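Asks: So the sequences go chain by chain: A and B. Residue numbering for the first sequence is 1 to 306, as defined by our numbering. Residue numbering for the second sequence is 1001 to 1409, as defined by our numbering. The beta-carbon is built from N, C-alpha and C at its ideal position, and this holds for glycine as well. This structure is a prediction, so every number in the text was calculated from the model and none was measured. Sharing a structure, written as structure tokens. Questions coming.
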Amino acid sequence: MIFNEIFSVYYSTVSCIITAALKGKLTDREIMEIIRENAFEESLLTIMPSLKNGRWQLLKKDNSTPLYHSPEIPLSNMEKRWLNAIAADRRIQLFGVEIPTFPDVPPLFTSEDYRIFDSYGDGDNYSDPLYISNFRTVLKAIQEQAPLKIHMISRSGEVMCKKVMPHHLEYSEKDDKFRLITTGGHYETVINMGRVLYCERYRGDFVIYPAQPQDKLRCAELEIQDERNALERVMLHFAHFEKQAEKTGENTYRMKVFYDKDDETEMVIRVLSFGPFVKATGPDRFTTLVIDRLKQQKAMGLHRQK
Amino acid sequence: MAYKELIKNFQHVRDYMRRFYIYGFKSRSEYDGKSGRSYDDERRRIESWLKDYMGFRNTDEGKNVFISIDSRRQPHNPLYKAMKARSFTDRDITLHFIIFDILYRPSDAFTLAELMDRINDIYLADFSQPVTFDESTLRKKLKEYIALGMVIAEKQGRNVLYRRSESYDLTGLADVLDYFSEIAPCGVIGSFMLDKTPPHRDNFTFKHHYITQAMDSQVLYRLFGAISRRRKVEITFTSRGSSRAHTGQVTPLKIFISCQNGRQYLMAADSKGIISAYRLDYILSVRETITDEDFAGLRTHLNEMEKYIWGANVRPDSKTEKVTFTVDFTEDEEFIWRRLVREKRCGTVTLISPGRAQFTATVYDSREMIPWIRSFICRISHIEFENKELQASFLQDIEDMYRMYGLEE
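And the structure:
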């Protein structure tokens, strides 16, 4: 059911072509442009001739369409069931919008049907009215690209005020937290939504500085020993990063993982979590961070428990 | 058969995509059991769908193909594209758009004959060689849409009238769909709806975001369907390190999802009521069978068991193992205490003295905890596994790590 042609890229591309055809004279070049923008790399080779030679009888010779309306396809039961499910999610209230619900179909799932078992226990409080109000103010400012004045608690516990240009919200499922990514200052800044006390639209003059190039991406080089299914575990664990892997021996692999420098400590911890099956091999700065932790551990004498 | 960009069955390409995305270091010759032609076609297809994320590397063994995606920089899961590549016939697409054009308003209702007349006399009249549809083709297509909930059939006297089900304007839901299509189970369904909304600014990105789950959407959707109907299922699945498929009848109870490695598990009971975890990426097919009258009892049992499940592993004999360890931290390292508290799951954390915290948990499988415990390396002052074999293995691993980095005595 999920894998169904009515949800396909081809159908949605043809829908765009019909809409464009209804708006006025459509050239072949414009059709090709729509296909390039909406479909896959090689779709042009199929969609264009199928429409032009009348295999799909939706465009006439002059590129007009026999249809009368811009395609509007009703929601399927599957889509309605999914909407019913997310309408019951505690985070939906953050958005302040009316979600259509469909009493004729059951939700696809409920909170009883699944469990995310390893997210952290100190996630944002989505039922706090103040959090909800701040979230909505921030989201509206992002949508309208308007500056904000944010009163917040800093990492050191002090109350502070910042004027920022909100860019987007970043959500981490592991942390179960939203972070506001801002621009307009010399550097991109990150504000934990959970630390925001109050925020409002800033009406004063707001100087936007040109963004400075930030060299935030770092690379860790790792050597993997494929024992106890380590290879699969490592590959899955680091799957969400940009990475390169290659086989170097019968059971050994080399991998480069690119990560944000702000997450270096997390990266060190993640490498250590694989024990002797993953070795940090470079660069020296990263390897030193791993070795320092092992030295400290050794000094604690745990191995003498053996 | 000539190469086509679209496919009829997702299972085959699902396997390739996983290999390209997760491993990405295998050469053409290493794809066991697959013909070269099959490999070339699947690679070409995936490249067509995901060109911007595909990479190639030449090695001694040949050319390696991989998919590399930094999901933090992608507001939308690129792998969803593969779920939108289902093949169809010329008649399918032509009828699809014409039917919903005729049934444009929910109040527009027509009989089969009226629909036939309109299609032939109005929509196809200007084509030099109009496609011919017989009534049975049209009836079959309408039946499909009725099953999907998109068309409603109503009896009026001796006639059956067809009309569309109601449409909803999704424009105001763009942010909701952007967000939940990435973080909710079966998020690809949200992505289908996003395709029906006008272009808009992307206001969300996602950190620690595992996108491989997209490839298991169809399996997950079927399992949720069976769970909501309290039905048993027949699943066909493989296991790690083996491509041999097994079939079993189980009662699906709950889906366990890891946000730290992207794995999803089906927690299901077999005919004896024994609950086990099945990895979704190893499940090839799901077929609903009969209602399980014991569903409520089995789920209550699973809920009770959750107090002792660290990840997804359970034991048929319900035997548990205790794990205790202490970590040390200084006055200005309070964050370690906070880390323990937020990451403890079913365990308990106590401050046994200033700067020393103790973690304790009783679980079915303490092996599952080891990667997490290792993440405290540099602070672990004592550790005690009830499973002594595991204790020895843990301590040996630590020594091996010292040796690996040249820190041995």
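Does chain B have any CB closer than 8 Å to the CB of K140/A?
Replies: no
Asks: Assign M1215/B to buried or exposed, taking buried as 16 or more other Cβ atoms, counted over all protein chains shown, within 10 Å of its Cβ.
Replies: buried
Asks: If the cut is a Cβ gap below 9 Å, which residues of chain B does G194/A touch?
Replies: By Cβ distance, chain B contributes nothing, its closest Cβ being about 12 Å from G194/A, past 9 Å.
Asks: Among all the DSSP beta bridges, which residues are the ones paired with L139/A?
Replies: DSSP output for L139/A lists no bridge partner at all.
Asks: Could I get the ranges of all uninterrupted beta strand (DSSP E) runs contained in the stretch 211 to 298 of chain A, with 3 residues as the minimum, in chain order?
Replies: 217 to 225, 242 to 247, 252 to 260 and 278 to 282
Asks: At the level of alpha carbons, what is the spacing between V207/A and C161/A?
Replies: 16 Å
Asks: Can you tell me where the beta strand (DSSP E) holding R179/A begins and where it ends?
Replies: K177 to T183
Asks: Against chain B, with Cβ distances strictly below 8 Å, would E173/A count as a contact?
Replies: yes
Asks: What residues in its chain sit with their C-beta under 8 Å from that of P276/A, if we drop five residues either side in the sequence?
Replies: For P276/A, where only same-chain residues beyond five positions count, the Cβ hits under 8 Å are Q225.
Asks: From the DSSP output, which residues share a beta bridge with D1252/B?
Replies: For the record, residue 1252/B in the displayed sequence is Pro; it is not Asp. Its beta-bridge partners are A1268/B.
Asks: Pull up the DSSP beta-bridge partners for K149/A, would you.
Replies: K149/A pairs with K163/A and E200/A.
Asks: Y1168/B and P100/A: beta carbons closer than 8 Å?
Replies: yes
Asks: Quick check on the burial criterion: 16 or more other C-beta atoms within 10 angstroms. Buried or exposed for G1157/B?
Replies: exposed
Asks: So which residues of chain A does G1190/B contact, with C-beta pairs closer than 8 Å?
Replies: W82 and I86
Asks: N1064/B bridges to which residues according to DSSP?
Replies: The partner list for N1064/B (beta bridge, DSSP) reads S1027/B and R1057/B.
Asks: If you follow the beta strand (DSSP E) that I1119/B is in, where does it begin and where does it stop?
Replies: Taken as a continuous stretch (DSSP letters only), I1119/B belongs to no beta strand (DSSP E), as it is neither H nor E.
Asks: Of all the options D1175/B, M1305/B, R1164/B and L1095/B, which has the alpha carbon lying nearest to the alpha carbon of K1140/B?
Replies: L1095/B
Asks: Taking beta-carbon pairs under 7 Å, can you tell me which members of the stretch 1126 to 1148 of chain B lie near chain A?
Replies: D1126, F1127, Q1129, P1130, V1131 and L1148
Asks: Cβ of L1284/B within 8 Å of Cβ of F1237/B?
Replies: yes
Asks: Under 8 Å between C-beta atoms, does I1283/B make it to chain A?
Replies: no
Asks: Could you tell me the boundaries of the beta strand (DSSP E) in which E1288/B lies?
Replies: Following the DSSP letters along the chain, one finds E1288/B inside the beta strand (DSSP E) bounded by residues I1283 to T1291.
Asks: Considering N192/A, what are the terminal residues of the beta strand (DSSP E) in which it resides?
Replies: Its beta strand (DSSP E) spans residues T189 to N192.
Asks: Whole angstroms is fine: what's the gap from S1048/B's alpha carbon to R1014/B's?
Replies: 15 Å
Asks: Which of the residues in the stretch 246 to 272 of chain A, read from start to end, lie with their CB under 8 Å from any CB of chain B?
Replies: E246, K247, Y253, F258, D260, I269, R270 and L272
Asks: Can you name the start and end residues of the alpha helix (DSSP H) that Y114/A belongs to?
Replies: Y114/A -> not in any alpha helix (DSSP H); beta strand (DSSP E) instead, spanning Y114 to I116.
Asks: Starting from S1087/B, find everything on chain A with Cβ-Cβ shorter than 8 Å and list it in chain order.
Replies: E5
Asks: Does any residue of chain A bring its CB to less than 8 Å from the CB of K1272/B?
Replies: no
Asks: So with CB distances below 8 Å, who are the chain A contacts of R1315/B?
Replies: Residues of chain A passing the Cβ test: none, with the nearest at roughly 17 Å.
Asks: Among I1102/B, S1217/B and F1256/B, which residue has its Cα nearest to the Cα of M1/A?
Replies: S1217/B
Asks: Name, please, each residue of chain A whose Cβ falls closer than 7 Å to the Cβ of Y1168/B.
Replies: L75 and P100
Asks: Are there three or more Cβ pairs, one per stretch, closer than 8 Å when the stretch 25 to 42 of chain A is compared with the stretch 73 to 91 of chain A?
Replies: no
Asks: Run down chain B in chain order and give the residues with a C-beta less than 9 Å from the C-beta of N229/A.
Replies: What N229/A touches in chain B: R1240 and G1241.
Asks: Relative to chain B, which residues along the stretch 104 to 119 of chain A have a C-beta separation below 9 Å, given in chain order?
Replies: D104, V105, P106, P107, L108, F109, T110, E112, D113, Y114, R115, I116, F117, D118 and S119
Asks: Let's see if you can read the secondary structure: which residues bound the beta strand (DSSP E) around K1207/B?
Replies: K1207/B -> beta strand (DSSP E) spans F1204 to K1207.
Asks: Tell me which residues share the same chain as R1287/B and place their Cβ nearer than 7 Å to its Cβ, disregarding the 5 neighbours each side in the sequence.
Replies: V1233 and E1234
Asks: Strictly by DSSP, which residues pair up with Y171/A?
Replies: F178/A and F1206/B
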